[in-house]
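161 is the number that UniProt numbering gives to position 161 of the sequence shown; each next residue is one higher, with no gaps. In what follows, a single structure is set out as structure tokens and then discussed.
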Amino acid sequence: MQTAQVIPFRFETREVRTMLINDQPWFVAADVAASLDYGVPSAMTRHLDDDEKGVSTVHTLGGAQEMLVINESGLYSAILRSRKAEAKRFKKWVTAEVLPAIRKHGRYHDEQGKMATLIGETIGTDGFHMLGALIKGKVASMPAAKQRKATAKIWSQTHAAFGVRSAADIPASQLDSARNFIAAYALEGDWLPKDARPKILSREQRVLGYLDLNGVERWEDIAAGAYILTRREFIDSMLVHCDMPVTTDEMFEFAQLALANLNSRSNCMAAQLKAIRKRD
Numbered sequence: 001m002q003t004a005q006v007i008p009f010r011f012e013t014r015e016v017r018t019m020l021i022n023d024q025p026w027f028v029a030a031d032v033a034a035s036l037d038y039g040v041p042s043a044m045t046r047h048l049d050d051d052e053k054g055v056s057t058v059h060t061l062g063g064a065q066e067m068l069v070i071n072e073s074g075l076y077s078a079i080l081r082s083r084k085a086e087a088k089r090f091k092k093w094v095t096a097e098v099l100p101a102i103r104k105h106g107r108y109h110d111e112q113g114k115m116a117t118l119i120g121e122t123i124g125t126d127g128f129h130m131l132g133a134l135i136k137g138k139v140a141s142m143p144a145a146k147q148r149k150a151t152a153k154i155w156s157q158t159h160a161a162f163g164v165r166s167a168a169d170i171p172a173s174q175l176d177s178a179r180n181f182i183a184a185y186a187l188e189g190d191w192l193p194k195d196a197r198p199k200i201l202s203r204e205q206r207v208l209g210y211l212d213l214n215g216v217e218r219w220e221d222i223a224a225g226a227y228i229l230t231r232r233e234f235i236d237s238m239l240v241h242c243d244m245p246v247t248t249d250e251m252f253e254f255a256q257l258a259l260a261n262l263n264s265r266s267n268c269m270a271a272q273l274k275a276i277r278k279r280d
């Protein structure tokens, strides 16, 4: 089955991805199964005929993925087998609204006309999960109770910043902006754990501040005797410019270790040379 572009639309609280293949609508089986409350997609698709299901390469924010899909006939079969109350609503909504709109325009609009889920226009569930992982990392250092409140606060501010009700509806072209917004969002006051709040340092104290891979701000105390130097800077600071305070005992210890290292290297080189001569 050919590669297809996704047209996402929303049934109540769930996103159901559909696509046009040879001008016929196909649906991502996992999304349909979730909407009809099947436990797993295979519980739904194993009863379908071979011509009612297939595998399609779908372009997502995470790259091209192989997904199990079902066609319109397979969709109706799945609906008829479902005993859930959602099935009747799902069928009515798909047949009365979504399918006619897709066939006519290649897209679906919600009642307010604001969702406008054109092909590739929104970040969809993939982008939503990506932003969710970023938020999860940002609040990871907080107590569990504060994590939930801080997460809700960040989502609320993100929705307001991009003018959407759900992060899944953020335009795909603004995904990077949304990621940067969340990464840079400042949690202040009671949101911060006590050890993360700014503190007054003494003249002898030093701290290292950085952002980890999840965009979370981290602060670590630097030990009094710790230095971040290149090898050349280390030698110059200790032996040439004397910027690094080193005691006489430490200098002797360094010299002894250096001599031991040189002796070890010499023995290793001699052994390698001996082995080469034997081969010759």
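Quick reminder that beta carbons are idealized off the backbone N, C-alpha and C, glycines included. Predicted, not measured: the structure shown is a model, and the values here were computed from it.
A check of alpha carbon separations from N22 across S35, M67, E72, F9 identifies E72 as the nearest.
Annotation for I276: no residue places its beta carbon closer than 6 Å to its own, counting only its chain and skipping 5 residues before and after. Residue range 207–211 is occupied by the beta strand (DSSP E) that includes Y210. Residue state for V40 is assigned as coil, using DSSP reduced to three classes.
Under the DSSP assignment, M269 falls in the alpha helix (DSSP H) whose first and last residues are 248–279.
In the same chain as A87, and ignoring 5 residues on each side of it, the C-beta atoms closer than 6 Å to its own belong to L36, I79, in chain order. When the Cα atoms are used, T122 and V28 turn out to be separated by approximately 17 Å. Taking C-beta atoms as the reference points, A150 and M142 count as a pair closer than 9 Å. Nearest neighbour of N180 by Cα position, chosen from G163, H159, A140, L131, turns out to be L131. For the options D169, G39, E250, A34, the alpha carbon positioned closest to that of H129 is the one of D169. Taking the Cα of I222 as reference, the smallest distance to any Cα among A260, Q205, F234, K91 is reached at Q205. Cα atoms of Y38 and Y210: separation of roughly 45 Å, rounded to the nearest angstrom.
Leaving aside the five residues that flank E52 on each side, the residues in its chain whose CB is nearer than 7 Å to its CB run, in chain order, I70, N71, S73, G74, S77. For R179, there is no enclosing beta strand (DSSP E); the residue is found in the alpha helix (DSSP H) stretching over 175–184.
In the three-state reduction of the DSSP assignment, T18 falls in the strand class. DSSP, reduced to helix, strand and coil, places K153 within a helical segment of the structure shown. For I135, the CB contacts under 8 Å within the same chain, skipping 5 residues up- and downstream, are T151, I154, W155, I182 in chain order.
If you check the CB distance, A33 and M44 come in under 9 Å.
R10 is bridged by DSSP to E15.
The alpha-carbon of A226 is positioned some 23 Å away from that of N261. Listed as beta-bridge partners of F27 by DSSP are T18, I70. According to the DSSP assignment, D126 belongs to the alpha helix (DSSP H) that extends over 124–138. D31 and K91 have their C-alpha atoms roughly 14 Å apart.
The distance from the Cβ of V6 to that of V58 is about 6 Å, consistent with a contact at the 8 Å cut-off.
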